[in-house]
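Protein chains in written order, with the numbering used here: chain G, 63 to 211; chain L, 63 to 211.
Notes follow once the structure below has been shown.
There are 2 protein chains.
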Amino acid sequence: MPTTPPPTASRAREDYLEQIHKLIEEKGYARVVDVAQNLGIAQASVTNMIQRLDADGLVDYEKYRGVVLTESGLDIAKAITDRHETLTRFLELFGVDDETIYDDVEGMEHHISESTLEAFRALQEELERQPAMLGRIRSRMKARSKKRG
Amino acid sequence: MPTTPPPTASRAREDYLEQIHKLIEEKGYARVVDVAQNLGIAQASVTNMIQRLDADGLVDYEKYRGVVLTESGLDIAKAITDRHETLTRFLELFGVDDETIYDDVEGMEHHISESTLEAFRALQEELERQPAMLGRIRSRMKARSKKRG
DNA sequence: AACTAAAATTAGGAACACCTAATTTTATTT
DNA sequence: AAATAAAATTAGGTGTTCCTAATTTTAGTT
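See below:
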């Protein structure tokens, strides 16, 4: 049986879909004002983007009413959320501070392949079973960063 | 002594600077036509961007003559090249195929923090000393990808 | 039900990074 | 040196994603 090709979207679209998905999961609905707030973007821009996402078949949208994800919109949102969580968990292993993790993940989640993600997942599992090794890696990081200041 | 804050540039600007740097290293000079070729972009677009880079003080440019990097342009180019190489070497450990590595690196290099980069470097050093562990990770990856098809 | 505050939308515009087509400059060949 | 080929530039556009200001709709209050 042929597998459905995964739908794609620009970085900005992915951010919106991820955010809409997150809000629906958390509160049961997604309002323009909250999407705007969370993405740090003007409400008008959000309305505009949601209209384009609707035109592209990624959300169902009715003026002044809420937004829901279509099937392909949901696919993209889930994929990006999955990447987000995988990357966050992985970076957390190394004691990188939370804000930096957040920024890195936000940047990386739109660009990383499934293969590389698999490498990170495997690495994470293995490192969780080898705390001694993780300790050595962390020391190495400290040594390195001290060397530069 | 206070360290100079690293200059920043948009993703596209970073790509141009990296490419210009690479060409200068390799051939001694950077022509518009080669930058265009390597980035897969029209020559006219390259001319246009180089003019903006010049206006921003990142390159020195004279019409119909070559381009050279200014000090801040060179700083950015070096930083991005360093990220590029670090990420490439790191991903190569896991047997991800070359084209995928190239794409991932191209995406990630513009977004990753120095802390996370340090983690990758430390991880790489340690994994090179622990081939058994690297083997386990690779098996884990294979098992995972088989599980999905 | 009328009023007000909050949310959403429309209208108009800007910056960025790309494009093609046409022109100009530079380099190469005869 | 003239002709031709290659490279670089200009001119005019396009799509994406953002903005502010003004307006409309919805929700909450008295």
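Cβ coordinates follow ideal geometry from the N, Cα and C atoms, glycine included.
Since we're looking at a predicted model, the values are computed, not measured.
- Given a cut-off of 8 Å, decide if E187 (chain G) and R202 (chain L) are closer than it, judged by their beta-carbon atoms. Translated into positions along the second sequence, residue 202 (chain L) becomes position 140. Translated into positions along the first sequence, residue 187 (chain G) becomes position 125. Yes, they are a contact pair.
- Query: The beta strand (DSSP E) with Y123 (chain L) in it runs from where to where?
  - Reply: Mapped onto the second sequence, residue 123 (chain L) falls at position 61. Start and end: V121 to Y123.
- Please name the residue, chosen from G:L155, G:Y91 and G:Y78, that lies closest to E190 (chain G) on a Cα-to-Cα basis. Walking along the first sequence from the start, residue 190 (chain G) turns up at place 128. The candidate whose alpha carbon is nearest that of E190 (chain G) is G:L155.
- According to DSSP, residues forming a beta bridge with L131 (chain G): Here residue 131 (chain G) refers to the residue found at position 69 of the first sequence. BP columns for L131 (chain G) point to G:V121.
- For G169 (chain L), return the contacting residues in chain G, with the cut-off set at a CB-CB distance below 8 Å. Residue 169 (chain L) sits at position 107 when you count from the first residue of the second sequence. Within chain G, the residues near G169 (chain L) are M170, H172, H173 and I174.
- Message: By the 8 Å beta-carbon criterion, what residues does the segment 173-193 of chain L contribute toward chain G?
- Response: H173, I174, S175, S177, T178, E180, A181, R183, A184, L185, E187, E188 and Q192
- Between A106 (chain G) and L115 (chain G), what straight-line distance do the alpha-carbon atoms span, to the nearest angstrom? The sequence position of residue 106 (chain G) within the first sequence is 44, counting from 1. The sequence position of residue 115 (chain G) within the first sequence is 53, counting from 1. About 14 Å.
- Query: So with Cβ pairs under 8 Å, would you call S72 (chain L) a contact of chain G?
  - Reply: Sequence index remark: in the second sequence, residue 72 (chain L) carries index 10 (1-based). So, not an interface residue.
- Task: Out of G:R93, G:E76, G:L79 and G:K204, state which residue places its alpha-carbon closest to the alpha-carbon of A184 (chain L).
- Result: Your numbering for residue 184 (chain L) matches position 122 in the second sequence. Minimum Cα distance to A184 (chain L) is reached at G:K204.
- Item | Short Cβ contact (8 Å threshold) for I82 (chain G) with A141 (chain G) | Start at 1 with the first residue of the first sequence, and residue 82 (chain G) comes out as number 20. Start at 1 with the first residue of the first sequence, and residue 141 (chain G) comes out as number 79. Not in contact: I82 (chain G) and A141 (chain G) (Cβ atoms no closer than 8 Å).
- Measure the C-alpha to C-alpha separation of R145 (chain L) and L179 (chain L) and round it to an integer number of angstroms. The count along the second sequence starts at 1 and reaches residue 145 (chain L) at position 83. The count along the second sequence starts at 1 and reaches residue 179 (chain L) at position 117. The straight-line gap from Cα to Cα measures roughly 7 Å.
- Task: Could you work out which residues of chain G lie near R7 (chain L), taking near to mean beta carbons separated by less than 8 Å?
- Result: This structure does not reach residue 7 (chain L), given that chain L is present from 63 up to 211, and the question cannot be answered.
- Could you check where the alpha helix (DSSP H) with S177 (chain G) kicks off and where it finishes? The residue you call residue 177 (chain G) lines up with position 115 of the first sequence. It spans E176 to R191 - the alpha helix (DSSP H) in which S177 (chain G) sits, taken as one unbroken run.
- Message: Which of the three DSSP states is assigned to R198 (chain G) in this structure?
- Response: Taking the first sequence and counting its residues from 1, the one referred to as residue 198 (chain G) is at position 136. The answer is helix: DSSP assigns R198 (chain G) an H, G or I state.
- Touch test, the segment 81-99 of chain L against the segment 127-134 of chain L, Cβ-Cβ under 8 Å, three pairs minimum: yes
- Item | Below-8 Å beta-carbon distance, R151 (chain L) vs any chain G residue | Counting from 1 along the second sequence, the entry for residue 151 (chain L) is found at position 89. Not one chain G Cβ lies under 8 Å of R151 (chain L).
- Message: Determine, for T148 (chain G), whether the minimum Cβ-Cβ distance to residues of chain L falls below 8 Å.
- Response: Here residue 148 (chain G) corresponds to residue number 86 of the first sequence, with the count starting at 1. For T148 (chain G), the answer is no, since every Cβ of chain L falls outside 8 Å of its Cβ.
- For Y91 (chain G), the first and last residue of its enclosing alpha helix (DSSP H): Looking up residue 91 (chain G) in the first sequence gives position 29. Premise fails: Y91 (chain G) is in no alpha helix (DSSP H) and is neither H nor E.
- Item | D159 (chain L) in three-state terms, based on DSSP | Looking up residue 159 (chain L) in the second sequence gives position 97. The answer is coil: DSSP assigns D159 (chain L) none of H, G, I, E or B.
- Message: Mapping the DSSP letters down to three states, classify S207 (chain G) as helix, strand or coil.
- Response: Sequence index remark: in the first sequence, residue 207 (chain G) carries index 145 (1-based). Here S207 (chain G) sits in helix by DSSP.
- Task: Could you tell me whether the Cβ atoms of D166 (chain L) and H173 (chain G) are closer together than 8 Å?
- Result: As a first step, residue 166 (chain L) is located in the second sequence; it is residue number 104 there, counting from the start. As a first step, residue 173 (chain G) is located in the first sequence; it is residue number 111 there, counting from the start. For D166 (chain L) and H173 (chain G), yes; Cβs fall inside 8 Å.
- Query: From L:Y164, L:K125 and L:D160, pick the residue whose C-alpha is nearest to that of T143 (chain L); which is it?
  - Reply: Here residue 143 (chain L) refers to the residue found at position 81 when the second sequence is read from its first residue. Nearest C-alpha to T143 (chain L): L:Y164.
- Task: Please list the partners that M111 (chain L) has in chain G, where partner means a Cβ-to-Cβ separation under 9 Å.
- Result: As a position in the second sequence, residue 111 (chain L) is number 49, starting the count at 1. Those within 9 Å of M111 (chain L) in chain G number zero; the least Cβ separation is about 20 Å.
- Give every residue of the same chain whose Cβ lies closer than 7 Å to the Cβ of Y123 (chain G), excluding the five residues on either side of it in the sequence, and list them in chain order. If you number the first sequence from 1, residue 123 (chain G) lands on position 61. Taken in chain order, the residues that qualify are I112, Q113, D116 and V129.
- Item | DSSP state of S72 (chain L) mapped onto helix, strand, coil | In the second sequence, counting from the first residue as 1, residue 72 (chain L) sits at position 10. In this structure, S72 (chain L) counts as coil in the three-state DSSP scheme.
- Message: Quick check: the Cα distance between S175 (chain L) and F182 (chain L), rounded to an integer number of angstroms?
- Response: The count along the second sequence starts at 1 and reaches residue 175 (chain L) at position 113. The count along the second sequence starts at 1 and reaches residue 182 (chain L) at position 120. So the two alpha carbons sit approximately 11 Å from each other.
- Task: Assuming L149 (chain G) contacts E171 (chain G) (C-beta within less than 8 Å), just tell me the rounded distance between them.
- Result: Indexing the first sequence from 1 puts residue 149 (chain G) at position 87. Indexing the first sequence from 1 puts residue 171 (chain G) at position 109. Right, their Cβ atoms sit about 6 Å apart.
- Under a Cβ-count criterion, where at least 16 other Cβ atoms within 10 Å of its own Cβ denotes burial, should A104 (chain L) be classed as buried or exposed? Within the second sequence, the letter at position 42 stands for residue 104 (chain L). So A104 (chain L) ends up on the exposed side.
- Do V108 (chain L) and V121 (chain L) have their CB atoms nearer than 8 Å? As a first step, residue 108 (chain L) is located in the second sequence; it is residue number 46 there, counting from the start. As a first step, residue 121 (chain L) is located in the second sequence; it is residue number 59 there, counting from the start. Not a contact, by the Cβ cut-off of 8 Å.
- R206 (chain G) versus T162 (chain G): straight-line alpha-carbon distance, rounded: The sequence position of residue 206 (chain G) within the first sequence is 144, counting from 1. The sequence position of residue 162 (chain G) within the first sequence is 100, counting from 1. Whole-angstrom Cα-Cα distance: 18 Å.
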